[in-house]
Amino acid sequence: MNIKVLVFAHIKELIGSGSIDLELSEGATGNDLLQKMEASFPQIKGHRKYLKLSMNGEYINADATIIQDAEIAIFPPVSGG
Amino acid sequence: MFEIVDHEIDIDSITAKVSSPEAGAIATFIGVTRNFTGNMQVTCLQYEAYPSMAIKMMKKIGAMAEKAFDIKKIAITHRIGAVSIEEVSVVIAVSASHRKPAFRACEYAIDTLKELVPIWKKELLTNGEQKWIANNPELK
């Protein structure tokens, strides 16, 4: 399945785009997605341990299953305020 | 009641949103840009948001505050883009019958915003450096 992933802040700068398309197999988890991202964008390696994941605007754990057509986002810890 | 804006925040308009005939108190939190971070001089802060999720999380904070404290209304506005020294980046206003729940809900809302709402700030320093702010010291 083709998944669109939004990225923000430091990660967006490292990748050079705010949105990327990834091909994932059915039943793939957040960990699979992160692994695929690292393979495509080695410059984000080393950031994984603190990256946050969201699906349809809610935080998810890396072991959650990615649902087709969901809005996925990956970003560093927030620092608003 | 919950919004992300890319322009100066009119504080009075936010407190007006939570006004209620039953409210005896309105507490506000106003976040502003300060000129120094440690010993480095700041030019401005640059904020970026994931707007749809940020609004969703702000609404969640509002609902949690209404459940946990005896308040009337709560409003949160966060600015994105460049925010210069002494300019306002975030306003939280809470109305309640009495001052204590208003103060407490206001503190709860800003503390939780800083944990949950997907907004990021980058410091632009006078020496030309730019630095994303995060809890993780490795993120520079």
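As they're listed, the protein sequences go chains A and Z. FYI, in this note's numbering the residues of the first sequence are -7 to 73. FYI, in this note's numbering the residues of the second sequence are 12 to 151. Heads up, the beta-carbon is just placed ideally off N, CA and C, and yes, glycines get one too. Keep in mind it's a predicted model, so treat the numbers as computed, not measured.
Ignore the nearest five residues each way along the sequence and tell me which others in residue i's own chain have a CB closer than 7 Å to its CB.
i	result
A/ILE52	GLY22, LEU45 and SER46
A/ASN(-6)	ASP13 and GLU15
Z/ASN147	Bear in mind that a pLDDT of 44 at Z/ASN147, under 50, signals an unreliable position, so the number given afterwards is only what the model happens to contain. Cβ within range, chain order: n/a, list empty.
A/ASP42	The question names Asp, but residue 42 of chain A is Tyr in the sequence shown. Correct list, in chain order: PRO68 and PRO69.
What first and last residue would you give for the beta strand (DSSP E) that runs through residue i?
i	result
A/ALA1	Careful: A/ALA1 lies outside any beta strand (DSSP E), inside the alpha helix (DSSP H) at 1 to 7.
Z/GLN57	51 to 60
A/ASP13	11 to 15
A/ILE36	Looking at the DSSP string, A/ILE36 is not in any beta strand (DSSP E), and its letter there is neither H nor E.
A/LEU45	44 to 47
A/THR60	It should be pointed out that residue 60 of chain A corresponds to Gln in this sequence rather than to Thr. Note, A/GLN60: premise wrong, no beta strand (DSSP E); not H, not E.
Which residues in the same chain as residue i place their Cβ atom closer than 6 Å to its Cβ, once the five residues preceding and following it in sequence are excluded?
i	result
Z/ALA60	ILE15, ILE91 and ILE130
Z/ALA86	MET12, ILE25, LYS28, VAL29 and ALA104
Z/THR123	ILE72
Z/ALA120	ILE72, ALA76 and ILE103
Z/ILE41	VAL99 and VAL102
A/GLY73	none
A/GLU63	ASN48
What residues from chain A crowd round residue i, counting only those whose CB sits closer than 7 Å?
i	result
Z/LYS111	Those within 7 Å of Z/LYS111 in chain A number zero; the least Cβ separation is about 23 Å.
Z/ILE25	Ordered by position in chain A, no residue passes the 7 Å Cβ test against Z/ILE25, which lies about 15 Å from the chain.
Z/ALA145	PRO68, PRO69 and SER71
Z/LEU124	GLY72 and GLY73
Output yes if chain Z places a C-beta closer than 9 Å to the C-beta of residue i; else output no.
i	result
A/LEU16	no
A/LYS28	no
A/SER71	yes
A/GLY8	no
A/ILE58	no
A/LEU25	no
A/LYS37	no
A/LEU45	no
A/LYS4	yes
Just reading off the alpha helix (DSSP H) that residue i is part of, what are its end residues?
i	result
A/LEU26	22 to 32
Z/SER24	22 to 28
Check the Cβ of residue i against every Cβ in chain A and list those closer than 9 Å, keeping chain order.
i	result
Z/TYR119	Neighbours of Z/TYR119 on chain A: none; closest Cβ ~13 Å, over 9 Å.
Z/GLY73	Going along chain A, no residue has its Cβ under 9 Å from Z/GLY73, so there is no contact; the nearest lies around 15 Å.
Counting only beta-carbon atoms, is residue i nearer than 9 Å to chain A?
i	result
Z/HIS89	yes
Z/LYS28	no
Using a C-beta to C-beta distance shorter than 9 Å, which residues of chain Z count as neighbours of residue i?
i	result
A/ALA65	TYR61, MET64 and PRO129
Considering only residues of the same chain and omitting the five flanking positions on each side of residue i, which have a CB-CB separation below 8 Å?
i	result
Z/ASN138	MET51 and GLN52
A/GLU30	ILE36, LYS37 and ARG40
Name the chain A residues that come within less than 8 Å of residue i, Cβ to Cβ?
i	result
Z/VAL101	GLY72 and GLY73
Z/LYS67	GLY49 and GLU50
Could you tell me which chain Z residues have their CB closer than 7 Å to the CB of residue i, listed as they occur along the chain?
i	result
A/ALA1	GLU59, TRP131 and TRP143
Complete runs of the beta strand (DSSP E) confined to the stretch 54 to 127 of chain Z [at least 3 residues]: Entirely contained in the stretch 54 to 127 of chain Z, the beta strand (DSSP E) runs reaching 3 residues are, in chain order, 84 to 90, 92 to 95 and 99 to 107.
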